[in-house]
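S.K.:
Chains as they are written, first to last, in this note's numbering: chain A, 6 to 456; chain B, 6 to 456.
(1) Within 10 angstroms of the Cβ of residue 229(A), are there 16 or more other Cβ atoms? Answer buried if so, exposed if not.
(2) For residue 362(A), count neighbouring Cβ atoms within 10 angstroms of its own Cβ and tell me buried if that reaches 16, exposed if not.
(3) Please list the segments of the alpha helix (DSSP H) lying wholly inside the segment 157-213 of chain B, counting only runs of 4 or more residues, in order along the chain.
(4) Going by the beta-carbon positions, is the gap between residue 294(B) and residue 318(A) smaller than 8 Å?
(5) Could you give the residue range of the alpha helix (DSSP H) that holds residue 458(A)?
(6) Between residue 409(A) and residue 23(B), what straight-line distance do the alpha-carbon atoms span, to the nearest angstrom?
(7) Tell me which residues of the segment 367-401 of chain B have at least one Cβ-Cβ distance to chain A shorter than 7 Å, keeping chain order.
(8) So, are the CB atoms of residue 57(A) and residue 30(A) less than 8 Å apart?
(9) At 8 Å on the CB atoms, spell out the chain A contacts of residue 325(B), in chain order.
(10) Are there 16 or more other CB atoms within 10 angstroms of the CB of residue 384(B), so buried, or fewer, so exposed?
(11) So, does the CB of residue 102(B) fall closer than 8 Å to a CB anywhere in chain A?
(12) Rounded to whole angstroms, what's the CA-CA distance from residue 205(A) to residue 231(A)? Just pull it up for me.
(13) Please report how far the alpha carbon of residue 10(B) lies from the alpha carbon of residue 145(A), in whole angstroms.
(14) Around the C-beta of residue 326(B), are 16 or more other C-beta atoms found within 10 angstroms, so that it is buried, or is it exposed?
(15) Report all residues from its chain with a CB closer than 8 Å to the CB of residue 106(B); omit the five preceding and five following residues, and keep chain order.
(16) Give the single residue among 225(A), 378(A), 73(A) whose Cα lies nearest to the Cα of residue 298(B).
(17) Report the residue from 77(A), 185(A), 439(A), 436(A) whose alpha carbon sits nearest the alpha carbon of residue 52(A).
(18) Give the range of the beta strand (DSSP E) segment to which residue 391(B) is assigned.
(19) Would you say residue 338(A) reaches chain B, if we count a Cβ-Cβ gap shorter than 8 Å as a contact?
(20) Would you check if the distance between the CB atom of residue 289(A) and the CB atom of residue 366(B) is smaller than 8 Å?
(21) By alpha-carbon positions, which one of 424(A), 274(A), 55(A), 357(A) ends up nearest to residue 84(A)?
(22) Give the DSSP-derived three-state secondary structure of residue 45(A) in the structure shown.
(23) Which residues mark the beginning and the end of the beta strand (DSSP E) in which residue 426(A) is found?
(24) What span of residues does the beta strand (DSSP E) with residue 246(A) cover, start to end?
(25) Tell me, please, which residues DSSP counts as bridged to residue 151(A).
(26) Between residue 40(B) and residue 72(B), what straight-line distance do the alpha-carbon atoms span, to the nearest angstrom?
(27) Where do the N-terminal and C-terminal ends of the alpha helix (DSSP H) with residue 30(B) fall, by residue?
(28) Taking the beta strand (DSSP E) that residue 236(A) falls in, what are its first and last residues?
(29) Cβ atoms of residue 434(B) and residue 344(B): under 8 Å apart, would you say?
(30) Ordered along the chain, which non-local residues of its own chain (more than five positions away) have a Cβ less than 8 Å from that of residue 448(A)?
(31) So, under 8 Å CB-CB, residue 188(A) and residue 180(A) are touching, yes? Tell me the CB distance rounded to an integer number of Å.
(32) On the CB-based measure, 16 or more other CB atoms within 10 Å of its CB, does residue 263(A) come out buried or exposed?
(33) What in chain B is Cβ-close to residue 460(A), meaning under 9 Å?
(34) Is it true that the CB of residue 340(A) sits closer than 8 Å to the CB of residue 251(A)?
(35) Can you tell me whether DSSP reads residue 216(A) as helix, strand or coil?
(36) Taking C-alpha atoms, which residue in 246(A), 386(A), 269(A), 44(A) lies nearest to residue 153(A)?
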């Protein structure tokens, strides 16, 4: 049943589009899942995609839009009149609809909304647009099945039949009281397997986990992951049920977060893909490179200060790359472990002080092992005992400094409520490069005076 | 309903355990979700955890085990006799049971299996243990509800009542023919809302996506994410239904993969957490540091070859950190973009040649901008035009080299079926450090001869 996108398929599709063979093109995409069609759009031009899009059933066309990458969708929709966009929006779940509309400038939003026929849908979208994108409110959909706790199962089923039409997937039925306060959930399994004359109150699961509309999406993801939930009800400040979040939206959150942290540690400032244009890729990469360049200039200035020392012991420069690289590597290791712990909420109750103490142990062990190795190397292959001692001591000190700094900075940023992932990658590497150099040259000056 | 783990709670719990107050301890954990209890175990000693564990209901105790981290679980179970472990295993879903048992050495596996009372469960576990951990077979559970395509809905409901007892969550009912071949799915919603005298064939969804038992778990995750599925049926080579994978297991796969790639790019060799012991953390970090150390020694040797040139132009060393750092940064950027594209299967149809060509463009733009800036800086602040030109040209060349190398290596590894993520982080940085240095010193030798 699965569709495998091949080069041959794309070539044939493009040929058919070139020759405006509407029937053949429709035949080629008719059976495909919207996610597959979105993948096809990725491989063809916007005009070709538009040729396909108008052939599609409105509902499928709407779902394809949701599956597109944000920037592709923006380019795609830019040329369509608001009435047409509204037709698609009308077919979407409220959360997807709000996501798509939310990307438009404000006037365009109002224009599209004014063309939506379904008043309830338009109202839901307006509601959802009020929430922060990165909160439970921004993730939730308004479509859900609610039943009253006082009903019996028969009434419940009748009511569900009415409500379920608009909803693709039903995992739970939510039970509320007369004031819309969330009381619990019913699993469809229980409903199916219980006699219809019983009261809902008898089979309700009251042990329900919910979030508030302003719960951050990261926390929503952690909760759904931890408790293995496929759907999570969202309540307002008065505990009234206002929406539900489904696991597929949360999987996207988890992926995006992981990608973001990954990109920051590797020195890329924004969400890019290898298939993006060269210009977008350049723009995403150059800011961190400027930090590196700036760091390099400072390193050059630091060395200028120690020019005399370097003149006396020219072989000291041989180990500058080693010291700088080790500082950078240790710093990235330390900071990324902290960033990961913060992201997955697994920091435990160790205080900042204890974390630093443990990190000191780890760094100490690494430092002793590595500086012993380099001491041994230089002892046999270098003719200067001063250099041997300098490199070894500097390496140890740099490892200690870099690990302390790499642990402290993300924890500090987190306490300041700044994203700790910003402290990983090129930032830590650059600072540790410079500090490592400084430590090395300073120790060298002292040791060469002594020996 | 959610449980917030606080320091006060842990302290009180430990006090109660210290004083062996069984009733009070049980009262404190009685209402908690297994995932919460597992979090508590993280914060207390093994003996304290064991005190709690024996108080728990068998089913809850079993679920807590599943929620523990792999190494914590290993330590926890090590001291328990096989009969007791078998009691827990008996209560688990077959996939979780197989995961837990799969961590034991072979003799222990057989011993535990021999103590499981439920013959069917034991058989399912043995079946599941045969599959590769990182395949659909390794992820799937045997518990599922199957109905025959020839039944009517009434028979179907009756049969479901029998089968559903053992299964926590039911999202779909799977429809098979007389030969157990998967024919389609029924959604519970459809079942609830359709008259009971109709045939299943009338409401079946035949457009069902399934995977084979040997589909890699990464691909399973991509499929479930792409098509927004909460459950995915698994079939054998003859298309017979053998199990189902649920989204919560796949969320774990996605998280673990992302964490693994993140750790590789930051130079950590295995799955560690900030709460692990200092010794485990050291062991996870030192291999990459040795690569860095080794690279540093080679860099020192390279500089030894150019000792005479550095003696003539001692200020050349000032810019060694800059050149090395930029090479490292650019390399990590390039390789991580490729690794991410490979992981999410979004490489598109661009060939290796075209990817390299685009990367050449990106590197060219970055290179021109950055080397112009450093040219300007040195032009005004350095008194040697030879140095100014050398640094600028070397920076440009290093950026080009590093980006080509960073793009090529992961794509090459991937073609060799080696995990491309191994090429990110310290490996790329170290190679680019050395190559950058070499390029810089070589260009310096040429330019200083010319000018």
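Every residue gets a Cβ at the ideal spot worked out from N, C-alpha and C, and that includes glycine.
M.R.: The answer reads as follows:
(1) buried
(2) exposed
(3) 158-168, 193-197, 205-208
(4) Not closer than 8 Å, so no.
(5) Residue 458(A) falls outside the range modelled here, since chain A spans only 6 to 456, and no answer is possible.
(6) 36 Å
(7) Considering only beta carbons, the part of the segment 367-401 of chain B lying closer than 7 Å to chain A consists of 367, 370, 371, 374, 375, 378, 379, 382, in chain order.
(8) yes
(9) The contacting residues are 322, 325, 326.
(10) exposed
(11) no
(12) 28 Å
(13) 26 Å
(14) Residue burial is scored here from C-beta neighbours: residue 326(B) has at least 16 other C-beta atoms within 10 angstroms and is therefore classed as buried.
(15) 94, 114, 117, 118, 130, 134
(16) Closest by alpha carbon: 378(A).
(17) With distances taken between Cα atoms, residue 52(A) lies closest to 77(A).
(18) Residue 391(B) -> not in any beta strand (DSSP E); alpha helix (DSSP H) instead, spanning 390-420.
(19) yes
(20) no
(21) 55(A)
(22) Residue 45(A) falls in the helix class under three-state DSSP.
(23) Taken as a continuous stretch (DSSP letters only), residue 426(A) belongs to no beta strand (DSSP E), as it is neither H nor E.
(24) 246-251
(25) 179(A)
(26) Looking at the two C-alpha atoms, the distance is approximately 6 Å.
(27) Following the DSSP letters along the chain, one finds residue 30(B) inside the alpha helix (DSSP H) bounded by residues 27-34.
(28) First-last of the beta strand (DSSP E) with residue 236(A): 236-240.
(29) no
(30) 395, 398, 399, 402
(31) 5 Å
(32) Residue 263(A) should be labelled buried.
(33) With chain A covering only 6 through 456, there is no way to say anything about residue 460(A).
(34) no
(35) strand
(36) 246(A)
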